[in-house]
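Asker: Taken in order, these protein sequences are the chains called W and D. According to the numbering used here, the stretch in the first sequence is residues 1199 to 1374, in order. According to the numbering used here, the stretch in the second sequence is residues 1199 to 1374, in order. Here it is, the structure in full.
2 protein chains.
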Amino acid sequence: MPGSGKSVVARGLKEFADIIISMGDIVREEAIKKGIKLSSNTLMEFAKLLRRERGSDFIAREVIKKIKEANAKVVVVDGVRSLEEVKAFKEISGRTYIVAIHSSPRTRFNRLVLRGRESDPKTWDEFVRRDISELELGLGSVIALADIMIVNEDLPLDDLMKFASTIIKKLMIRFD
Amino acid sequence: MPGSGKSVVARGLKEFADIIISMGDIVREEAIKKGIKLSSNTLMEFAKLLRRERGSDFIAREVIKKIKEANAKVVVVDGVRSLEEVKAFKEISGRTYIVAIHSSPRTRFNRLVLRGRESDPKTWDEFVRRDISELELGLGSVIALADIMIVNEDLPLDDLMKFASTIIKKLMIRFD
Chain W
1199 MPGSGKSVVA RGLKEFADII ISMGDIVREE AIKKGIKLSS NTLMEFAKLL
1249 RRERGSDFIA REVIKKIKEA NAKVVVVDGV RSLEEVKAFK EISGRTYIVA
1299 IHSSPRTRFN RLVLRGRESD PKTWDEFVRR DISELELGLG SVIALADIMI
1349 VNEDLPLDDL MKFASTIIKK LMIRFD
Chain D
1199 MPGSGKSVVA RGLKEFADII ISMGDIVREE AIKKGIKLSS NTLMEFAKLL
1249 RRERGSDFIA REVIKKIKEA NAKVVVVDGV RSLEEVKAFK EISGRTYIVA
1299 IHSSPRTRFN RLVLRGRESD PKTWDEFVRR DISELELGLG SVIALADIMI
1349 VNEDLPLDDL MKFASTIIKK LMIRFD
């Protein structure tokens, strides 16, 4: 969910991964191919349009192309939105794990207000509407079925990263 | 989700609550009224039928009746399944908080196999099908928007309860 810190954690996992792929970047690339200028405001809507027009796992299939091109063995994918996408990844690797980063809505709202990007919600009502829109593709089900749930409520960044890497190491050993 | 330990935590919160209401119990009461015998296997299907036939917030409204009858001030509701239900509770109290208990699918599966109730899934495929069915009403969105996320991966029961009560106390102070 927006403001949970998932991209921070994803980037912090680079020591474990051959490649880190942001699904948002793939959406941005598609927009450039079509000559569409996206703001962060319209990114989510364009991502939904892509999934509707080209299949619910379209962005996942683009990620898989990149993984194959890079011949990567350990991959972090940032921004999975639905169980269809998880399924696409599981088809190419039985060792696909969902890592969810959770923060309460109140904490995420406070962070987004502090971050203050032009596209970030300014009011609680706007934030709630965006959350509902984020959940439309089935992100909630992905979170509910996470193999690892990291709670990022009031951790300093260093501690969050240490905690995340410890948990990931445990996951790698446990599922080996 | 089944096997996460949510009902254990709900019962453990009795020191904070005037009343603990299980939404599953309300479904069972409705079945008795209709003279239907439910197994745990058919409980979920009957709950879905009730929500389809009598409105997505029907069970929530029954819960609210009980809260009003008991004139309860602090209430724990176990088994919320959708944001429509959360909305119904928020309409009667602005101080409605979602507490989610998360365990990984693998941990929940192991617990359910160990528990071994007749109605519990026996195979991984059956477990996965049930999970997907549980998520159909929108439970994932409720979990994604939890005010408190408790991770119950490998905590002994005592520690889980201590942890849950500490977090709930913090929540009560924080949101006061």
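Glycine is no exception: its CB is placed at the ideal position from the N, C-alpha and C atoms.
Buried or exposed, going by whether 16 or more other CB atoms sit within 10 Å of the CB of alanine 1443/W?
Answerer: The requested residue 1443/W does not occur in the structure, where chain W is confined to residues 1199 to 1374.
Asker: Would you mind listing the alpha helix (DSSP H) stretches within the segment 1216-1269 of chain W that are 4+ residues and don't spill past its ends, in chain order?
Answerer: Those alpha helix (DSSP H) runs which fall completely within the segment 1216-1269 of chain W and span 4+ residues are 1221-1231, 1238-1252, 1256-1268.
Asker: What residues of chain W sit near glycine 1277/D, judged by a beta carbon separation below 9 Å?
Answerer: Here the premise fails: no neighbours, minimum Cβ distance about 14 Å.
Asker: Taking DSSP's pairing of strands, which residues face isoleucine 1299/W in a bridge?
Answerer: Paired residues: Ile1348/W.
Asker: When the cut-off is 8 Å and only beta carbons count, does proline 1303/D lie next to chain W?
Answerer: yes
Asker: Ignore the nearest five residues each way along the sequence and tell me which others in aspartate 1318/D's own chain have a CB closer than 6 Å to its CB.
Answerer: Leu1310
Asker: What three-state label does DSSP hand valine 1275/D in the structure shown?
Answerer: strand
Asker: Does the separation of the CB atoms of isoleucine 1224/D and isoleucine 1257/D fall below 8 Å?
Answerer: Contact: yes.
Asker: Using CA atoms only, rank isn't needed, just tell me which of Glu1227/D, Glu1332/D, Ile1290/D, Ser1254/D is closest to serine 1202/D.
Answerer: For serine 1202/D, the nearest C-alpha among the options comes from Glu1332/D.
Asker: Note down the Cα distance separating glutamate 1292/D from lysine 1232/W, rounded to an integer number of angstroms.
Answerer: The identity of residue 1292/D in the sequence shown is glycine, whereas the question assumes glutamate. Cα to Cα, the separation comes out at about 45 Å.
Asker: Just verifying my parser: in three-state terms, what is the DSSP assignment at glycine 1336/W?
Answerer: coil
Asker: Between the Cα of methionine 1221/D and those of Lys1246/D, Val1272/D, Phe1307/D, Asn1308/D, spot the shortest distance and give me the residue it belongs to.
Answerer: Lys1246/D
Asker: Using 8 Å as the threshold, is the C-beta distance between valine 1272/D and alanine 1215/D below it?
Answerer: Here valine 1272/D is near alanine 1215/D, since their CB atoms are less than 8 Å apart.
Asker: So which residues of chain W does aspartate 1323/D contact, with C-beta pairs closer than 9 Å?
Answerer: None at all; the shortest Cβ gap to chain W is about 14 Å.
Asker: Alanine 1298/D: which of Asp1276/D, Glu1251/D, Thr1305/D, Glu1316/D sits nearest, CA to CA?
Answerer: Asp1276/D
Asker: Between the Cα of lysine 1368/W and those of Arg1249/W, Arg1279/W, Tyr1295/W, Lys1204/W, spot the shortest distance and give me the residue it belongs to.
Answerer: Tyr1295/W
Asker: Indicate the three-state DSSP secondary structure (helix, strand or coil) for threonine 1364/D in the structure shown.
Answerer: helix
Asker: At which residues does the alpha helix (DSSP H) containing lysine 1288/W begin and terminate?
Answerer: 1281-1290
Asker: Between the Cα of arginine 1250/W and those of Val1340/W, Ile1365/W, Glu1334/W, spot the shortest distance and give me the residue it belongs to.
Answerer: Glu1334/W
Asker: For isoleucine 1230/D, count neighbouring C-beta atoms within 10 Å of its own C-beta (all shown protein chains included) and say buried if the count is 16 or more, exposed if not.
Answerer: exposed
Asker: Taking 8 Å as the cut-off, decide whether the C-beta atoms of glutamate 1227/D and serine 1254/D are in contact.
Answerer: no
Asker: Can you list the residues of chain W that methionine 1347/D reaches, using a CB-CB cut of under 7 Å?
Answerer: Result: His1300, Met1347, Val1349.
Asker: Inspect the beta-carbon positions of valine 1349/D and methionine 1359/W and report whether they are closer than 8 Å.
Answerer: no
Asker: Count the other CB atoms, across all protein chains shown, that sit within 10 Å of the CB of leucine 1312/W; report buried if there are 16 or more and exposed otherwise.
Answerer: The residue in question, leucine 1312/W, is exposed, as its Cβ has fewer than 16 Cβ neighbours within 10 Å.
Asker: Starting from the Cα of methionine 1242/W, find the closest Cα among Ile1234/W, Arg1328/W, Arg1315/W, Phe1307/W and give me that residue.
Answerer: Arg1328/W
Asker: Rounded to the nearest angstrom, what separates phenylalanine 1307/W and serine 1301/W at their Cα positions?
Answerer: 10 Å
Asker: I'd like to know whether the C-beta of aspartate 1329/W is nearer than 8 Å to at least one C-beta of chain D.
Answerer: yes
Asker: Of the residues Phe1244/W, Lys1285/W, Ile1219/W, Arg1315/W, which one's Cα is nearest the Cα of alanine 1268/W?
Answerer: Ile1219/W
Asker: Let me check understanding here. Comparing Cα to Cα, which of Ile1234/W, Val1261/W, Arg1304/W, Ala1342/W lies closest to glutamate 1351/W?
Answerer: Arg1304/W
Asker: Quick one: Cα of glutamate 1289/D to Cα of valine 1261/W, how far?
Answerer: 42 Å
Asker: Am I right that isoleucine 1341/D and alanine 1342/W are in contact with their C-beta atoms under 8 Å? What's the rounded C-beta distance?
Answerer: The C-beta distance from isoleucine 1341/D to alanine 1342/W rounds to 5 Å, short enough to meet the 8 Å contact threshold.
Asker: Taking glutamate 1213/D as the reference, which of Arg1259/D, Glu1316/D, Val1274/D has the closest Cα?
Answerer: Nearest option by C-alpha distance: Val1274/D.
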